[in-house]
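Inspection log for the structure reproduced underneath, given as structure tokens.
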Amino acid sequence: KFYCMNGKASSVMVCVDRKDGQHPKFFFLDREWNKLPYTEERFLYPNLVIEKPKMIDQAFDLAEKLSKNFPFVRVDLYIIGEKIYFGELTFTPAAGLDSDFKFTFAKEITHHLQNSVWVIKSHPRLSWGGFQYYINSLC
1096 KFYCMNGKAS SVMVCVDRKD GQHPKFFFLD REWNKLPYTE ERFLYPNLVI
1146 EKPKMIDQAF DLAEKLSKNF PFVRVDLYII GEKIYFGELT FTPAAGLDSD
1196 FKFTFAKEIT HHLQNSVWVI KSHPRLSWGG FQYYINSLC
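Counting with this note's numbering, you get residues 1096 to 1234 for the letters of the sequence shown.
Here you go:
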């Protein structure tokens, strides 16, 4: 799941242990495959090694091509062997209500969107990583 702002894929979210009845672990990684401090799992499992797929650079490039016309979009791609499969484009992941993300992730997104047509406002009923945000498009 590639998080893209203004046509740039800054990070990819990798789901680990996605099995029936279990809550998966979510990790964000940058292009150099460094874990980013955007989820609790980053701190709970600091020694967990996530193998870097051979096709990850091509997947980052493809995500950027698919996202170039949007201020924000999550591009879901799946790497199986040496093939990349398209899943979907998601403009409001979890309807913007996912509380699993850390504040640092919200800061990263707002940093990349500050020159776009999006406005970030405080809203008392929406929570994102313990901080309240409401993303309202001016388009």
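Glycine residues also receive a C-beta, built at the ideal position from the N, C-alpha and C atoms. Predicted model, so just to flag it, every value in this text is computed and none were measured.
Pairwise C-alpha distance: residue j and residue i
{"i": "residue 1312", "j": "residue 1133", "result": "Limits of the chain in this structure are 1096 at one end and 1234 at the other, which puts residue 1312 out of reach."}
{"i": "residue 1100", "j": "residue 1115", "result": "32 Å"}
{"i": "residue 1108", "j": "residue 1172", "result": "11 Å"}
{"i": "residue 1156", "j": "residue 1168", "result": "14 Å"}
{"i": "residue 1170", "j": "residue 1127", "result": "19 Å"}
{"i": "residue 1158", "j": "residue 1186", "result": "13 Å"}
{"i": "residue 1228", "j": "residue 1180", "result": "Note on residue 1228: pLDDT 37, under 50, position unreliable in the model; the coordinate value appears next. So the two alpha carbons sit approximately 32 Å from each other."}
{"i": "residue 1117", "j": "residue 1105", "result": "28 Å"}
{"i": "residue 1162", "j": "residue 1182", "result": "13 Å"}
Buried or exposed (CB count within 10 angstroms, at least 16 for buried), residue i
{"i": "residue 1143", "result": "exposed"}
{"i": "residue 1111", "result": "exposed"}
{"i": "residue 1098", "result": "buried"}
{"i": "residue 1119", "result": "exposed"}
{"i": "residue 1130", "result": "buried"}
{"i": "residue 1166", "result": "buried"}
Distance cut-off 7 Å: residue i Cβ against heavy atoms of the ligand ATP
{"i": "residue 1159", "result": "Inclusion of the ligand ATP in the displayed structure is not the case, the ligand content being empty and no account of it being possible."}
Is it a yes or a no for the region 1135–1155 touching the region 1117–1125, going by three-plus beta-carbon pairs under 8 Å? yes
Checklist entry - Is the region 1143–1162 touching the region 1175–1190 in the sense that three or more CB pairs, one from each, lie closer than 8 Å? => result yes
Margin query: As an exercise, report each continuous beta strand (DSSP E) stretch of at least 3 residues that is fully enclosed by the region 1115–1199, in chain order.
Written below: 1120–1124, 1167–1175 and 1178–1185
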